[in-house]
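Reviewing the structure listed below.
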Amino acid sequence: MIPAKAPHSSSHTASLEAYHERYARSVEDPAAFWADESAALDWFRPADQIMRFDPITAEIAWFTGGKLNVSYNCVDRHAAVDPTRTALIFAANAPGEYRHIPFGELLREVCRFANLLRELGVKKGDRVCLYLPMIPELAFAMLACARVGAVHSVVFAGFSAEALRDRILDAGSAVVVTANEGLRGDKAIALKAIVDKAVLGLDVVKHVLVARHTPAEPHMVPGRDQWLADGLGRQRPYCPVEWMDAEDPLFILYTSGSTGKPKGVLHTTAGYLLYAARTFHYVFDAQPTDIHFCTADIGWVTGHSYILYGPLCNAVPSVMFESTPLYPDASRYWQVVDDLGATILYTAPTALRALMRFGDEPVTRTSRRSLRILGSVGEPINPGVWRWFHDVCGDGRCTVVDTWWQTETGGILISGLPGATPMEPGSATLPFFGVRPLLMDADGREVHGNSSPGHPVSGNLCLAGTWPGQARTIFGDHARFVQTYFSAYPGYYFTGDGCRRDENGNYWITGRVDDVLNVSGHRIGTAEVESALIEHAAVVEAAVVGYPHELKGTGIRAYVVTRADMNASAADLQAQVRIAIGAFAMPDQVILVPGLPKTRSGKIMRRILRKIAEGEREQFGDLATLADPGVVAEILDLCVGL
Ligand code: 7RM
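The sequence shown maps to residues 21 to 662 in my numbering.
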């Protein structure tokens, strides 16, 4: 345990006691708590009712009757106070290249973009697909959608054409916004060409807007494609906001689950914004002097909540980082921190593991004096990595917050608070205000109390009640929403994570308990990778499991059975996944096997394949139910040396 750093006079939580007091009030009367917190937003019309929640039908609503606009809350109201205050800082791929965008300019850019969307016929409720690199136009586009009431669907620019196509179709997006190219280190990614492939023959897509980010000249389809700058050039920089109902959809973000089809997680207006804003305020102890640097990509939920909406709603300048942690070298994050005077750095364990390999020097050669808070998100952080982050990166001076949450939760649910919560390397520590975690055993019974010596208390992590940032549905499939999250433990939201509660009530997330892998902080469903593999003509069947990986946390191993009359190499099958999903989901290992271990009823016994991938060679438990027990020995032979 490491004591909390001393709070200062402007800290939002003065002590652990202050946390406990406010927490108790927040769970005793959540409606009263969130009604008070909602004063942090500007409302066009106040809410009639604070919340409604039915865990059986998964009917969730916050602030019904209230009207507001997200773009107004993140831009207009701050521009009115001080249009020169910095809103966004674009840190380009090229080292040392920055663009500061003040609130006044942001407002004009967002208004132009909003007017362009209206010119293209985009109306309230329409979906707009954003397939963009980490450039300011992505932020303008999201805020412009929010301004006119359109629903953005940001697709991470690492997804392949096929994956993009699925997401455009599922959302029914008539407008796609992209860039000619994206830049990542030494590489240029031809995004427009990927969009062309994705939308080929799709009638739904009427317009493709292309941001010019590099000198590359992509193919432009007349009547469908236009340069973003041309479209924006025609627009006036004023655009009235659409006053939205609190429960109107704000965005869809696709995430992996236990089946092959990704889920379009839907978030709505008031609850999402308030939750992103208040978690940002408390967890990062946001101050007017802060400069926030979140290294995530906006294509993932962390970027939505803690690059864009959370910081901007709080008028805190936020960095949009286009590059990678290792470009041009392992000093890049700290270089950006020094160049911009960043006070908060929010990053992922996978990036820290990659940086740690280069030793302390790339870190210690920089100053980092401006930093006061370090955040971690995306996967459990190993205590050794935590200590390096705290001792070396933060010079032992900064608060480290390990923040647990999900795409579906909209914002942080479990985390320490600066100045209040003692730090526990490896634990996300305590629930945020209004959040009620509980642990369930295999029989669906709640496990009460804290761990005591010899009696660990652990189980599947569920949440009781609702919080404003909770996802409202899966786009177009509410039945799947109910089934996925509210059926395993009736009455509660099931997270899919395993967890332990220690002697002091701190929560330790132990990882996914479902068929979802966490690879470098990216959620990848094993079923999604399997269905990509099965699409290959030579593949008969495939089973995908995770295994411990030094850098990625979890690596992907695929066991594949191919047709006797067709040739497919491991490299072919890796390419198959890259094409179907994207490079980040590519199996690290593909093992061509003669057969898979199956029960007599034909069920693949993944438990065994997982054990083999984890390095087990002998102890597989009861193999009596296997149809062909010999297959295990054959697979083991093929895995020698991996
Ligand atoms: C924000 C985000 C969600 C899954 C979640 C966990 C894992 C996230 C932590 C963590 C341990 C953390 N959204 N996870 N944060 N595990 N400690 N601080 O990552 O939807 O992409 O992933 O990520 O398994 O269920 S996500």
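No residue lacks a Cβ here, since even glycine has one placed at the ideal position from N, Cα and C.
This structure is a prediction, so every number in the text was calculated from the model and none was measured.
Taking all protein chains shown into account, do 16 or more other C-beta atoms lie within 10 angstroms of the C-beta of A24, making it buried, or fewer, making it exposed?
-> Answer is buried; the Cβ neighbour count reaches 16.
From what residue to what residue does the beta strand (DSSP E) around M340 run?
-> Here the beta strand (DSSP E) through M340 covers 338-341.
Is the CB-CB distance between I611 and Y567 below 8 angstroms?
-> Not a contact, by the Cβ cut-off of 8 angstroms.
Cβ-heavy atom distance between Q609 and the ligand 7RM below 7 angstroms?
-> If you check the C-beta of Q609 against the ligand 7RM, you find no heavy atom less than 7 angstroms away.
Ignoring anything shorter than 3 residues or poking outside the region 468-531, list the beta strand (DSSP E) runs there in chain order.
-> Counting only runs of 3 or more, we get 477-484, 513-521.
Under 8 angstroms by Cβ, that's how I've got D517 and L481 pegged, so tell me the actual separation to the nearest angstrom.
-> Confirmed, about 5 angstroms.
Do the CB positions of L375 and P337 come within less than 8 angstroms of each other?
-> Result no, Cβ atoms of L375 and P337 do not sit closer than 8 angstroms.
Which residues does DSSP pair with H227 in a beta bridge?
-> Looking at the DSSP assignment, H227 forms a beta bridge with V195.
Taking the continuous alpha helix (DSSP H) assigned at V565, which residues delimit it?
-> Looking at the DSSP string, V565 is not in any alpha helix (DSSP H); the run it does join, the beta strand (DSSP E), is 559-569.
When DSSP labels each residue in this structure, what does D62 get in the three-state scheme?
-> For D62, the three-state secondary structure derived from DSSP is coil.
Any heavy atom of the ligand 7RM closer than 7 angstroms to the Cβ of A448?
-> Short note on A448: C-beta closer than 7 angstroms to some heavy atom of the ligand 7RM.
Spell out a yes or no on whether the region 159-174 and the region 120-140 are touching, meaning 3 or more CB-CB pairs, one atom from each, closer than 8 angstroms.
-> Flag = yes, the region 159-174 and the region 120-140 touch.
Secondary structure at P269, three-state DSSP: helix, strand or coil?
-> Residue state for P269 is assigned as strand, using DSSP reduced to three classes.
Extent of the continuous alpha helix (DSSP H) run through C131 = Looking at the DSSP string, the run of the alpha helix (DSSP H) that includes C131 is 123-139.
Boundaries of the beta strand (DSSP E) in which G202 is found, first to last residue = 202-204 is the extent of the beta strand (DSSP E) around G202.
Indicate, with yes or no, if the ligand 7RM has a heavy atom lying under 7 angstroms from the CB of V397.
-> Set against 7 angstroms, the gap from the CB of V397 to the closest heavy atom of the ligand 7RM is smaller.
Closest to L658 by CA distance: which of L643, A183, I632 is it?
-> The residue with the shortest Cα to Cα distance from L658 is I632.
Entirely enclosed alpha helix (DSSP H) segments - the region 565-615, minimum 4 residues = The alpha helix (DSSP H) runs lying completely inside the region 565-615 and spanning 4 residues or more are 590-600, given in chain order.
Closest by C-alpha distance to V420, when choosing among I272, I401, G431, T429 | Of the listed residues, the one whose Cα sits closest to V420 is I401.
A62 versus Y92: straight-line alpha-carbon distance, rounded = Sequence check: residue 62 is Asp here, not Ala. Answer to the nearest angstrom: the Cα atoms are 8 angstroms apart.
Cβ-heavy atom distance between P488 and the ligand 7RM below 7 angstroms?
-> For P488, the CB stays at least 7 angstroms from every heavy atom of the ligand 7RM.
Nearest residue (CA-CA) to L88, options G469, F64, F73, E555 = The candidate whose alpha carbon is nearest that of L88 is F64.
Over what stretch of residues does the beta strand (DSSP E) that includes I209 continue unbroken?
-> Where I209 is concerned, the enclosing beta strand (DSSP E) stretches over 207-209.
What does DSSP give as the partner residues of M460 in its beta bridges?
-> Paired residues: E466, N480.
Which listed residue (L537, A644, L656) has its alpha carbon closest to that of T279 = L537 is the residue among L537, A644, L656 whose C-alpha sits nearest the C-alpha of T279.
As assigned by DSSP and simplified to three states, the class of R72 | Correct three-state label for R72: strand.
What do you reckon, is the C-beta of D422 under 7 angstroms from a heavy atom of the ligand 7RM?
-> Here the distance from the Cβ of D422 to the nearest heavy atom of the ligand 7RM is below 7 angstroms.
Indicate, with yes or no, if the ligand 7RM has a heavy atom lying under 7 angstroms from the CB of R543.
-> At least one heavy atom of the ligand 7RM is nearer than 7 angstroms to the Cβ of R543, so yes.
Using the Cα positions of T664 and I327, report the straight-line distance between them to the nearest angstrom.
-> In this structure the chain extends from 21 to 662, so residue 664 is not present and cannot be described.
Indicate, with yes or no, if the ligand 7RM has a heavy atom lying under 7 angstroms from the CB of V322.
-> Per the sequence shown, residue 322 should be read as Thr rather than Val. It does: the Cβ of T322 is within 7 angstroms (strictly closer) of some heavy atom of the ligand 7RM.
Taking the Cβ atom as the reference point for each residue, do L252 and L108 lie within a distance shorter than 8 angstroms?
-> Their beta carbons are not under 8 angstroms apart, which means L252 does not touch L108 by this criterion.
With burial defined as no fewer than 16 other Cβ atoms inside 10 Å of the residue's Cβ, what is the status of E48: buried or exposed?
-> Exposed, since its Cβ has fewer than 16 Cβ neighbours within 10 Å.
Neighbourhood of G85 by C-beta distance below 6 angstroms, restricted to the same chain and skipping five residues each side | The residues A67, D68, in chain order, have a CB closer than 6 angstroms to that of G85 in the same chain once the five nearest residues on each side in sequence are set aside.
Can you tell me the Cβ-Cβ gap for S180 and R543, rounded? I've got them flagged as a contact below 8 angstroms.
-> Going by Cβ atoms, the distance from S180 to R543 rounds to 17 angstroms, so no, they are not a contact pair.
Tell me, please, whether the region 182-191 touches the region 199-209 by the rule of three or more beta-carbon pairs shorter than 8 angstroms.
-> Contact between the region 182-191 and the region 199-209 is not established, with fewer than three Cβ pairs separated by less than 8 angstroms.
If you draw a straight line from the C-alpha of D608 to the C-alpha of G575, how long is it?
-> So the alpha carbons of these two residues sit roughly 6 angstroms apart.
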